[in-house]
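*Asks:* Line by line, the protein sequences are chains L and C.
Okay, so the first sequence: first residue is 42 according to this note's numbering, each after it adds one.
Okay, so the second sequence: first residue is 42 according to this note's numbering, each after it adds one.
Where is the CB? At the ideal position from N, CA and C, for every residue including glycine.
Protein chains: 2
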Amino acid sequence: MMVDDALKAAAHINASRLLESVETLARFGAREDGGVDRPALSPIDIGARRFLIDRAAALGCTVRTDACANLFFRHPGLEDLPPVMTGSHVDTQPTGGKLDGSYGVLAGFECLAALNDAGIRTRRPLEVVAWTNEEGTRFQPGAMGSSAFVDPALIERYGRAQDSDGISLDSALAAHREAFPLLQTRVVDTTAHAFIELHIEQGPLLELANVPLGVVSGIQGVRWYAVRCRGIAAHAGTTPMHARHDAMTLAVAVRAEIETLAYQLGGDDTRITFGRWTVVPNSINTIASEVTFTIDFRHPDAVVLSAFDRQLADCVSRHAVTLAALFTHAPVDFAPAVIQRVADACEALGAPSRRITSGAFHDAMYLAKHCPSAMLFVPSRGGISHNPLEATDDDHLVLGARALAHCLVYLCNEAP
Amino acid sequence: MMVDDALKAAAHINASRLLESVETLARFGAREDGGVDRPALSPIDIGARRFLIDRAAALGCTVRTDACANLFFRHPGLEDLPPVMTGSHVDTQPTGGKLDGSYGVLAGFECLAALNDAGIRTRRPLEVVAWTNEEGTRFQPGAMGSSAFVDPALIERYGRAQDSDGISLDSALAAHREAFPLLQTRVVDTTAHAFIELHIEQGPLLELANVPLGVVSGIQGVRWYAVRCRGIAAHAGTTPMHARHDAMTLAVAVRAEIETLAYQLGGDDTRITFGRWTVVPNSINTIASEVTFTIDFRHPDAVVLSAFDRQLADCVSRHAVTLAALFTHAPVDFAPAVIQRVADACEALGAPSRRITSGAFHDAMYLAKHCPSAMLFVPSRGGISHNPLEATDDDHLVLGARALAHCLVYLCNEAP
Numbered sequence: 042m043m044v045d046d047a048l049k050a051a052a053h054i055n056a057s058r059l060l061e062s063v064e065t066l067a068r069f070g071a072r073e074d075g076g077v078d079r080p081a082l083s084p085i086d087i088g089a090r091r092f093l094i095d096r097a098a099a100l101g102c103t104v105r106t107d108a109c110a111n112l113f114f115r116h117p118g119l120e121d122l123p124p125v126m127t128g129s130h131v132d133t134q135p136t137g138g139k140l141d142g143s144y145g146v147l148a149g150f151e152c153l154a155a156l157n158d159a160g161i162r163t164r165r166p167l168e169v170v171a172w173t174n175e176e177g178t179r180f181q182p183g184a185m186g187s188s189a190f191v192d193p194a195l196i197e198r199y200g201r202a203q204d205s206d207g208i209s210l211d212s213a214l215a216a217h218r219e220a221f222p223l224l225q226t227r228v229v230d231t232t233a234h235a236f237i238e239l240h241i242e243q244g245p246l247l248e249l250a251n252v253p254l255g256v257v258s259g260i261q262g263v264r265w266y267a268v269r270c271r272g273i274a275a276h277a278g279t280t281p282m283h284a285r286h287d288a289m290t291l292a293v294a295v296r297a298e299i300e301t302l303a304y305q306l307g308g309d310d311t312r313i314t315f316g317r318w319t320v321v322p323n324s325i326n327t328i329a330s331e332v333t334f335t336i337d338f339r340h341p342d343a344v345v346l347s348a349f350d351r352q353l354a355d356c357v358s359r360h361a362v363t364l365a366a367l368f369t370h371a372p373v374d375f376a377p378a379v380i381q382r383v384a385d386a387c388e389a390l391g392a393p394s395r396r397i398t399s400g401a402f403h404d405a406m407y408l409a410k411h412c413p414s415a416m417l418f419v420p421s422r423g424g425i426s427h428n429p430l431e432a433t434d435d436d437h438l439v440l441g442a443r444a445l446a447h448c449l450v451y452l453c454n455e456a457p
Numbered sequence: 042m043m044v045d046d047a048l049k050a051a052a053h054i055n056a057s058r059l060l061e062s063v064e065t066l067a068r069f070g071a072r073e074d075g076g077v078d079r080p081a082l083s084p085i086d087i088g089a090r091r092f093l094i095d096r097a098a099a100l101g102c103t104v105r106t107d108a109c110a111n112l113f114f115r116h117p118g119l120e121d122l123p124p125v126m127t128g129s130h131v132d133t134q135p136t137g138g139k140l141d142g143s144y145g146v147l148a149g150f151e152c153l154a155a156l157n158d159a160g161i162r163t164r165r166p167l168e169v170v171a172w173t174n175e176e177g178t179r180f181q182p183g184a185m186g187s188s189a190f191v192d193p194a195l196i197e198r199y200g201r202a203q204d205s206d207g208i209s210l211d212s213a214l215a216a217h218r219e220a221f222p223l224l225q226t227r228v229v230d231t232t233a234h235a236f237i238e239l240h241i242e243q244g245p246l247l248e249l250a251n252v253p254l255g256v257v258s259g260i261q262g263v264r265w266y267a268v269r270c271r272g273i274a275a276h277a278g279t280t281p282m283h284a285r286h287d288a289m290t291l292a293v294a295v296r297a298e299i300e301t302l303a304y305q306l307g308g309d310d311t312r313i314t315f316g317r318w319t320v321v322p323n324s325i326n327t328i329a330s331e332v333t334f335t336i337d338f339r340h341p342d343a344v345v346l347s348a349f350d351r352q353l354a355d356c357v358s359r360h361a362v363t364l365a366a367l368f369t370h371a372p373v374d375f376a377p378a379v380i381q382r383v384a385d386a387c388e389a390l391g392a393p394s395r396r397i398t399s400g401a402f403h404d405a406m407y408l409a410k411h412c413p414s415a416m417l418f419v420p421s422r423g424g425i426s427h428n429p430l431e432a433t434d435d436d437h438l439v440l441g442a443r444a445l446a447h448c449l450v451y452l453c454n455e456a457p
């Protein structure tokens with residue numbers, strides 16, 4: 042029985058083995074403050090990858106890679122059908138924690154081990170993936186591995202990206218091939234049956250709602266802009282207020298107007314942040330001649346994002362300031378059938394869950410273009426993320442892995 | 042007749058000689074953009090000083106220096122009376138112009154030359170001074186020379202000040218002594234009869250009023266503060282607005298409140314500037330954890346400045362942000378009798394003038410503690426200052442020197 046196997050797999054999730062694996066992987070790039078600093082394809086990351094490859098081999102999985110050094114760990118299926126995929130990334134922010142990305146990969150590994158322990162064979166293959174350079178810290182942009190998996194043409198451009206030492210992604214990929222010369226290449230000959238990414242929430246909503254599992258229905262769209270306001274530098278003591286052209290006075294007025302229009306358009310789902318400020322000449326006794334600030338606006342509704350674009354253009358035109366678009370991504374709606382499987386898995390385990398929209402980007406944002414996809418979140422204590430203090434209760438980590446196992450086995454076994 | 046001599050001296054101001062001297066001095070530290078970069082006591086500044094010393098010697102003046110390398114160029118008087126002093130500084134901002142400071146010194150020199158040309162002997166000596174390090178660019182604080190002249194005890198602390206290369210003022214003063222080993226030391230055995238500083242306005246008021254001369258009645262008081270606002274760094278995409286502690290949101294709210302209270306207290310004379318901003322971590326997609334901004338508040342009324350201090354303390358306490366006092370100076374009221382002499386000189390020349398409060402600091406701020414002092418301003422084109430584009434019409438430069446000559450001779454000859 043499929044459903045029985047799904048429950049059986051969930052029941053074979055070994056809590057201590059899962060939690061130990063988190064601690065073991067965190068040793069690769071461990072920071073003194075308890076966090077992790079593991080740049081993509083660095084020697085530290087290659088050490089972490091060797092650990093994963095060795096463990097997968099011990100679990101009887103085949104291990105393959107691709108042009109962007111993504112790692113695919115496959116548990117064979119009974120039939121020659123497209124795989125069900127799960128996974129995340131193991132690179133971190135410079136001041137990252139132990140869970141962001143790594144938890145999703147290690148929970149996938151724990152599912153592989155649970156299948157073995159329970160003696161379960163699934164109809165479809167189950168493939169755990171570690172995507173390369175999700176954080177975008179060493180090489181820009183982020184999510185290189187997952188986006189290049191979905192659109193292999195991207196790899197040519199990505200290859201020329203350089204890190205802060207001038208090392209290209211191409212060189213880093215060559216070093217990766219040298220480190221693992223025996224790895225076979227995975228050919229993308231078919232789309233996967235489904236992709237599920239398990240991740241920490243990186244926000245406070247599940248904790249505030251006191252709910253241990255989040256069924257992620259999509260990812261917010263985002264707009265990144267830079268607004269440049271020009272003034273005229275002048276002496277703070279000698280220039281009367283009415284004769285000033287203070288770029289900072291202009292910038293805070295424009296910021297306030299943009300904030301208001303963001304709320305008006307977006308309501309409760311609005312996320313608006315003015316995070317980076319550059320002031321020229323940035324002197325106590327000189328009126329600012331130029332202030333540039335960034336906008337990070339996110340919303341799950343594409344109509345709201347477009348309206349924001351239009352009204353922002355009107356706003357900057359009214360104030361005669363300059364607008365530069367830095368980045369844009371449309372909202373992602375995950376596949377209703379896969380969302381439902383995730384929700385069903387939570388229910389089957391008797392675990393409370395709620396629908397949630399992801400505020401952060403994830404590899405699943407790109408996988409959603411390849412195959413039916415969804416995500417599962419566990420709570421982040423205090424909503425803290427990209428920080429050595431990032432943490433999730435052990436019970437939540439284990440419950441997330443159980444729900445993932447249930448969902449993956451169900452998907453692996455469902456009728457084509 | 043005293044008044045005749047004052048008019049005669051004014052009439053002997055040689056426009057082309059004055060304007061040429063401005064261009065000649067500007068060659069010491071000339072910038073490619075037409076501005077001047079002449080750090081205090083640098084080899085460039087010592088070159089400029091040598092030019093002044095040679096010119097003063099050619100004019101028959103005695104040249105002396107003191108512990109802070111101020112240079113005193115004295116035209117002897119007929120009687121053994123305290124001198125009338127005039128002058129300013131010849132160090133500049135890194136992106137300075139040709140006039141700030143230098144104009145006041147060179148106009149003083151032109152007065153000395155006019156006395157010679159007209160064959161005028163005054164009752165009191167006339168002393169032109171070049172004060173050391175007014176700008177405070179190479180060594181902090183500014184106005185070292187004039188403040189140490191007034192309070193010689195300051196030189197011990199000033200001596201330890203270091204420039205950005207780690208060179209102490211003491212070392213720079215030693216280099217100055219080596220460059221001019223024959224200069225005698227001026228002893229401050231008596232207070233001067235009066236001090237007048239001629240300077241460019243560095244603001245737009247005279248130009249806006251279309252008046253060529255400003256009779257400066259005092260210098261605004263100033264408060265410099267830094268306000269530090271703390272928040273909590275969090276992900277711009279995952280953190281709902283109601284769960285944020287955005288240091289920038291707090292900072293712009295506190296800034297707005299401070300601006301309002303400054304206007305309420307200070308009325309039209311208010312000068313309030315928030316010029317320097319530091320944002321942590323200053324990242325597009327991270328909510329700011331800390332924002333520090335500076336306040337430069339100036340007003341001619343000490344009561345207003347004190348009220349500002351109190352209400353600012355209440356404001357930061359209400360918002361639980363941190364306040365650090367960086368610098369403070371009380372308003373300076375110049376001596377009514379000297380102000381009147383300056384106004385009389387303008388009237389005697391038939392030149393329109395208006396009373397004005399200085400928004401910038403000047404050496405006269407310190408000299409006012411030593412002897413009856415005042416200042417005379419000429420217009421700054423567009424109010425531009427501390428900028429290679431700094432400029433004043435030739436007619437205004439010449440008129441300012443004529444008014445200075447009239448005023449100095451009148452003061453030199455007035456009854457004890």
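For C/Val257, which beta-bridge partners are listed by DSSP?
*Replies:* Answer by DSSP bridge pairing, in chain order: C/Ile397, C/Met416.
*Asks:* Shortest alpha-carbon distance to C/Gly200 belongs to which of C/Leu140, C/Asp206, C/Ser212, C/Val257?
*Replies:* Checking every option, the nearest Cα to that of C/Gly200 belongs to C/Ser212.
*Asks:* Pick helix, strand or coil for L/Ile458, following the three-state DSSP scheme.
*Replies:* No answer is possible for residue 458 of chain L: it lies beyond the span of chain L, which begins at 42 and ends at 457.
*Asks:* What did DSSP end up calling C/Phe315 once you bin it into helix, strand or coil?
*Replies:* Note: C/Phe315 maps to coil in three-state DSSP.
*Asks:* Any Cβ of chain L within less than 8 Å of the Cβ of C/Arg317?
*Replies:* It does; some Cβ of chain L falls within 8 Å.
*Asks:* Identify the contact partners of C/Val293 in chain L, using a Cβ-Cβ distance below 8 Å as the criterion.
*Replies:* Within chain L, the residues near C/Val293 are Val293, Arg296, Ala297.
*Asks:* In terms of alpha-carbon separation, which member of C/Ala250, C/Ala389, C/Asp141, C/Glu120 lies closest to C/Ala52?
*Replies:* Out of C/Ala250, C/Ala389, C/Asp141, C/Glu120, C/Ala389 has the C-alpha closest to the C-alpha of C/Ala52.
*Asks:* When the cut-off is 8 Å and only beta carbons count, does C/Ala148 lie next to chain L?
*Replies:* So, not an interface residue.
*Asks:* Quick test of your reading: L/Pro393 and L/Pro166, contact by CB under 8 Å. State the CB separation rounded to the nearest angstrom.
*Replies:* Not a contact, Cβ separation roughly 31 Å.
*Asks:* Counting only C-beta atoms, is C/Ala442 closer than 8 Å to chain L at any point?
*Replies:* C/Ala442 does not count as touching chain L.
*Asks:* Does L/Val345 come within less than 8 Å of chain C when only Cβ atoms are used?
*Replies:* No, because no Cβ of chain C sits closer than 8 Å to the Cβ of L/Val345.
*Asks:* If we cut at 8 Å on Cβ distances, does L/Glu242 have a partner in chain C?
*Replies:* Taking Cβ atoms only, chain C reaches closer than 8 Å to L/Glu242, which makes this a yes.
*Asks:* Taking 8 Å as the cut-off, does the region 330-348 of chain L touch the region 371-385 of chain L (at least 3 CB pairs, one atom from each stretch)?
*Replies:* Yes: at least three Cβ pairs fall under 8 Å.
*Asks:* Compute the beta-carbon to beta-carbon distance between C/His283 and C/Thr327, rounded to the nearest angstrom, for a pair I have assumed lies under 8 Å.
*Replies:* At roughly 18 Å, the Cβ-Cβ gap does not stay under 8 Å, so C/His283 and C/Thr327 are not in contact.
*Asks:* Apart from the five residues on each side of it in sequence, which residues of its chain come closer than 8 Å, Cβ to Cβ, to C/Arg68?
*Replies:* Around C/Arg68: no qualifying Cβ.
*Asks:* Enumerate in chain order the residues of its own chain whose CB-to-CB distance from C/Thr133 is below 6 Å, with the five nearest sequence positions on each side excluded.
*Replies:* Excluding positions up to five away in sequence, the list reads Val77, Arg79.
*Asks:* Given a threshold of 16 other Cβ atoms within 10 Å of its Cβ, counted over all protein chains shown, does L/Leu459 qualify as buried or as exposed?
*Replies:* Nothing can be reported for residue 459 of chain L: it is not among the residues displayed for chain L, which extend from 42 to 457.
*Asks:* Measuring alpha carbon to alpha carbon, tell me which of C/Val293, C/Arg179, C/Ser143, C/Tyr266 ends up nearest C/Glu238.
*Replies:* Closest by alpha carbon: C/Ser143.
*Asks:* Would you check if there are 3 or more beta carbon pairs closer than 8 Å linking the region 160-176 of chain C to the region 104-113 of chain C?
*Replies:* The answer is yes - the region 104-113 of chain C touches the region 160-176 of chain C, with three or more Cβ pairs under 8 Å.
*Asks:* If I measure Cβ to Cβ from C/His447 and keep anything under 7 Å in the same chain, skipping five residues before and after, which residues do I get?
*Replies:* Only Ala47, Leu48, Ala50, Ala51, Ala386, Ala389, Leu390 meet the Cβ criterion.
*Asks:* If the cut-off is 8 Å on Cβ atoms, which residues from the region 385-401 of chain C count as contacting chain L, listed in chain order?
*Replies:* So the list reads Ser399, Gly400, Ala401, given in the order they occur along the chain.
*Asks:* For the alpha helix (DSSP H) containing C/His411, list its first residue and its last residue.
*Replies:* From DSSP, C/His411 is part of no alpha helix (DSSP H); its letter is neither H nor E.
*Asks:* For the beta strand (DSSP E) that contains C/Ile87, what are its first and last residues?
*Replies:* Careful: C/Ile87 lies outside any beta strand (DSSP E), inside the alpha helix (DSSP H) at 84-99.
*Asks:* Give the straight-line distance between the Cα atoms of L/Ser209 and L/Ala202, rounded to the nearest whole angstrom.
*Replies:* About 5 Å.
*Asks:* Does the Cβ-Cβ distance between L/Arg264 and L/Thr335 come in under 8 Å?
*Replies:* No, Cβ-Cβ distance for L/Arg264 and L/Thr335 is not below 8 Å.
*Asks:* Okay, do the region 116-136 of chain C and the region 220-238 of chain C touch, 3+ Cβ pairs below 8 Å being the bar?
*Replies:* The region 116-136 of chain C is in contact with the region 220-238 of chain C.
*Asks:* Taking L/Arg339 as the query, report the chain C residues whose CB atoms sit under 8 Å from its CB, ordered along the chain.
*Replies:* Ordered by position in chain C, the residues that pass the 8 Å Cβ test against L/Arg339 are Ala277, Gly278.
*Asks:* Can you round the beta-carbon distance between C/Leu156 and C/Val63 to whole angstroms, since I take them to be within the 8 Å contact cut?
*Replies:* About 20 Å separates the two Cβ atoms, so there is no contact after all.
*Asks:* Tell me the rounded alpha-carbon separation between L/Leu346 and L/Thr398.
*Replies:* Roughly 15 Å between the two C-alpha positions.
*Asks:* Among the candidates C/Asp95, C/Asp107, C/Pro413, whose CA atom is the shortest distance from the CA of C/Val229?
*Replies:* Residue C/Asp107 is the option with its Cα nearest to C/Val229.
*Asks:* Name, in chain order, the residues that DSSP records as bridge partners for L/His501.
*Replies:* Outside the shown range of chain L, which is 42 to 457, sits residue 501 of chain L, and nothing can be said about it.
*Asks:* Would you report the Cα separation of C/Ala458 and C/Gly272, rounded to the nearest angstrom?
*Replies:* The first residue shown for chain C is 42 and the last is 457, placing residue 458 of chain C beyond what the model contains.
*Asks:* Quick one: what's got a C-beta closer than 8 Å to C/Asp350's C-beta in the same chain, skipping five residues either side?
*Replies:* Arg264.
*Asks:* Using the Cα positions of C/Leu246 and C/Gly424, report the straight-line distance between them to the nearest angstrom.
*Replies:* Each residue's alpha carbon lies about 8 Å from the other.
*Asks:* For L/Gln134, which three-state DSSP category applies?
*Replies:* Note: L/Gln134 maps to coil in three-state DSSP.
*Asks:* What separation, rounded to the nearest whole angstrom, lies between the Cα atoms of L/Ala309 and C/Pro281?
*Replies:* Checking the displayed sequence, the identity of residue 309 of chain L turns out to be Asp instead of Ala. Rounded to the nearest angstrom, the two C-alpha atoms are 8 Å apart.
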